[in-house]
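Residue numbers (UniProt numbering): 1 to 125. Just so you know, even glycine gets a beta-carbon here, dropped at the ideal spot from N, CA and C. Accompanying notes for the structure given below.
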């Protein structure tokens, strides 16, 4: 079982991911990571900056995203809502539970997601 490095907003995005993304490589990578997270329930370290999901993103500039300022704001909004529950490292199932309880089920999606370009996917149901 591997340990994954995931930035906070990706933890929320994984809950709604449906095979859309910035490029074919990004989508394939995101799908593979999501499948492993759900199947293996590995330990996940919550990180600042680029993570395992970012590796195949066309916006990845190595250690930062070309939209890093905006992305960090998304990260902070998610992080602030789950850190007390899961800390900086936890099993994927614990992270998913914290996101569901503290963001999705508590009606805090809109304030957490801000102006995310993918929010139509999350709010369609």
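Asked, Found
"Quick check: the stretch 55 to 67 against the stretch 96 to 105, are at least 3 beta-carbon pairs closer than 8 Å?", "no"
"For residue 78, which residues from the same chain have a beta carbon less than 8 Å from its beta carbon, with the 5 sequence-adjacent residues on both sides left out?", "8, 9, 11, 12, 99, 103, 112"
"So for residue 71, helix, strand or coil by DSSP?", "helix"
"Identify every run of the beta strand (DSSP E) within the stretch 5 to 47, keeping only runs that are complete inside it and at least 3 residues long; order them along the chain.", "43 to 46"
"From the DSSP output, which residues share a beta bridge with residue 89?", "45"
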